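The opening residue of the sequence shown carries number 599 in the numbering used here; numbering runs sequentially from there. The beta-carbon is built from N, C-alpha and C at its ideal position, and this holds for glycine as well. This structure is a prediction, so every number in the text was calculated from the model and none was measured.
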Amino acid sequence: MSLPSGYGWKLRLAFNAAILMRKLGLYPNYDAVAKWPAAKRKALKPANWATFPPPASVKMNRETIASRGGPMEVKWFRTKPDQAPSILFIHGGGWVVGGLDSLDYLCSNLCDRLGVAVVAVDYRLAPDHKFPSGLEDCYDALKWVAAQAPGPVTVIGDSAGGNLSAALCILARDSGGPAIAHQTLIYPALDLMMESQSLITNADGLASRDDLAMVAGFYLGDHDPRDPLVSPIHAKNLRDLPPAFIVTADCDLLRDDGPRYAECLRAAGVRVRYENYPNMPHAFLSQPKLCPGAAGALTDIIEEMRPHLQSQVIS
Numbered sequence: 599m600s601l602p603s604g605y606g607w608k609l610r611l612a613f614n615a616a617i618l619m620r621k622l623g624l625y626p627n628y629d630a631v632a633k634w635p636a637a638k639r640k641a642l643k644p645a646n647w648a649t650f651p652p653p654a655s656v657k658m659n660r661e662t663i664a665s666r667g668g669p670m671e672v673k674w675f676r677t678k679p680d681q682a683p684s685i686l687f688i689h690g691g692g693w694v695v696g697g698l699d700s701l702d703y704l705c706s707n708l709c710d711r712l713g714v715a716v717v718a719v720d721y722r723l724a725p726d727h728k729f730p731s732g733l734e735d736c737y738d739a740l741k742w743v744a745a746q747a748p749g750p751v752t753v754i755g756d757s758a759g760g761n762l763s764a765a766l767c768i769l770a771r772d773s774g775g776p777a778i779a780h781q782t783l784i785y786p787a788l789d790l791m792m793e794s795q796s797l798i799t800n801a802d803g804l805a806s807r808d809d810l811a812m813v814a815g816f817y818l819g820d821h822d823p824r825d826p827l828v829s830p831i832h833a834k835n836l837r838d839l840p841p842a843f844i845v846t847a848d849c850d851l852l853r854d855d856g857p858r859y860a861e862c863l864r865a866a867g868v869r870v871r872y873e874n875y876p877n878m879p880h881a882f883l884s885q886p887k888l889c890p891g892a893a894g895a896l897t898d899i900i901e902e903m904r905p906h907l908q909s910q911v912i913s
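Shown next, in the form of structure tokens:
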């Protein structure tokens, strides 16, 4: 596969190195990773050479809260000790990997530049815990955040976290709350029937439609992939959902899920902003040192989220 011409040299080097490692058997496939202990999978995070450290103003700490699945950790991002939460972040990782340190770059910058507290949730991972375990954890975290929030709560998630964020908005609406003021879906997986054309056109040496089918299977088990709580794009009723900002990466397998869902939301009367970032791969916001589009996308996310946080946000 020839890489897009817009890839910078750092991104091209990292991409080619990863492909070589996979060919040599040094880059684990998704089936192998799914067999790792959960603690090891939760510890996976972007390398220091690919991302930036959090702003010095942001303090991070963990807390254990109650959930229907038992004690669950969350991670706070705050600039002041008494800040109440306003943003719930749900990490990606194919429902199989990732944890509270997955996207410190995004969470800490939201906190620093918006002046509000962010809470990340450590939901249960597949294949140990299949649907609906992870979504239930996110809903329990939403209720916990909303009980402390001084105003409206927004949700944001990337990749599988974007899937969970979209599903959470539907679940909260149908469960009588808590109210969600806005949803930000970053290169989300929204159709586990896998009908988007980009799954074919954007397949590369690191990810393919078969890889997505594998991790989706770990999450779904025998569950129907048409269920709107796993494939929001197939929901028959999208009315009365919160306004949405959908971010996609032009070179991503999942790219076409974004505009397809945007059209579904618009047809239901939901306000949507959709942006596709050219020459960017999946997970580019977790690799800001390699992906120059990350800075602009972060600013767009912040400015889109700002009015929905109302008086809590710094000017």
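On the DSSP bridge assignment, give the partners of residue i in chain order.
i, result
"N874", "T846"
"L686", "V717 and V753"
"K657", "R676"
"I778", "V751"
"I663", "M670"
Using DSSP with H/G/I as helix, E/B as strand and the rest coil, what is residue i?
i, result
"L733", "helix"
"L624", "Caution is warranted here: a pLDDT of 47 is assigned to L624, below 50, making its placement in the model unreliable, and the coordinate value is therefore given only provisionally. Three-state DSSP puts L624 in coil, outside helix and strand."
"K673", "strand"
"T897", "helix"
"M903", "helix"
"K633", "coil"
"A641", "coil"
"H832", "helix"
"C889", "coil"
"Q681", "coil"
"L769", "helix"
"G819", "coil"
"L762", "helix"
"R858", "helix"
"V813", "helix"
"F882", "helix"
"S913", "Any answer about S913 is weak, because its pLDDT of 43 lies below 50 and its placement is not dependable; what the coordinates show is given next. Three-state result, S913: coil."
"R869", "coil"
"L852", "coil"
"D825", "coil"
"L839", "coil"
Report, in whole angstroms, the separation of the C-beta atoms of residue i and residue j, which I expect to be a contact under 8 Å.
i, j, result
"R837", "G867", "6 Å"
"V717", "W674", "6 Å"
"R722", "I900", "Not quite, the Cβ-Cβ distance comes to about 29 Å (not below 8 Å), so this is no contact."
"L783", "G696", "Actually they are not in contact, since the Cβ atoms of L783 and G696 sit about 16 Å apart, beyond 8 Å."
"E902", "F843", "4 Å"
"T649", "S829", "Not really, about 30 Å apart at Cβ, beyond 8 Å."
"S794", "G691", "20 Å between Cβ atoms; not a contact."
"L797", "A770", "With 8 Å as the limit, L797 and A770 do not qualify as a contact, their Cβ atoms being about 29 Å apart."
"G819", "K728", "4 Å"
"S684", "G760", "19 Å between Cβ atoms; not a contact."
"A682", "Q746", "5 Å"
Give me the residue from the options with the minimum Cα distance to residue i.
i, options, result
"L851", "P830, P840, N707 and F882", "F882"
"Y628", "V694, D710, F650 and N707", "V694"
"A632", "P876, V813 and A865", "V813"
"D699", "P669, D720, S829 and G759", "D720"
"M878", "L863, T662, L788 and D848", "D848"
"R807", "R869, T782 and L790", "L790"
"A787", "P841, P776, A811 and A779", "A811"
"W647", "P876, K887, G759 and T752", "K887"
"R639", "D726, G749, G815 and S796", "D726"
"T597", "P669, A745, A777 and L896", "This structure leaves residue 597 out entirely; the chain is present only between 599 and 913."
"G730", "H821, P635 and A833", "According to the sequence as given, residue 730 is Pro; it is not Gly. Measuring from the Cα of P730, the nearest candidate turns out to be H821."
"A724", "C889, P857, D898 and A637", "A637"
"V672", "D854, I688, Q681 and A893", "I688"
"I658", "C705, A630 and A664", "Here the sequence assigns Met to residue 658, which means Ile is not the residue at that position. Ranking the options by Cα distance to M658, first place goes to C705."
"T677", "A654, K834 and S773", "A654"
"E734", "V656, Y785, P890 and R666", "R666"
"I831", "Y703, D854, T662 and M670", "D854"
"V870", "A892, D898, G894 and P840", "P840"
"Q781", "L762, G774, P823 and R858", "L762"
"A777", "D825, P644, H906 and A893", "H906"
"D809", "M792, E873 and R824", "M792"
"Y737", "D702, I768, P635 and P652", "I768"
"G873", "L827, G856 and H880", "According to the sequence displayed, residue 873 carries Glu and not Gly. Taking only the C-alpha atoms, the option nearest E873 is G856."
"G805", "A893, H880 and I685", "In the sequence as presented, Gly is not what sits at residue 805; that position holds Ala. Looking at the Cα atoms, H880 is the closest of the given residues."
"A892", "I663, Y703 and V753", "Y703"
"C862", "C889, A833 and P890", "A833"
"P679", "P652, L766, N835 and G713", "G713"
"R824", "V656, A765, P644 and C709", "A765"
"A865", "M670, G894, N835 and Y785", "N835"
Hey, is residue i's beta-carbon within less than 7 Å of any beta-carbon in chain C?
i, result
"M791", "Absent from the structure is chain C; it holds one protein chain and no more."
Task: 4-residue-minimum alpha helix (DSSP H) runs that sit fully inside the segment 780 to 805, ordered along the chain - done: For the alpha helix (DSSP H) assignment, the uninterrupted runs of no fewer than 4 residues enclosed by the segment 780 to 805 are, from N- to C-terminal side, 796 to 799.
Task: Ranges of the alpha helix (DSSP H) found wholly within the segment 691 to 760, counting only runs of at least 4 - done: Correct list: 702 to 712 and 731 to 746.
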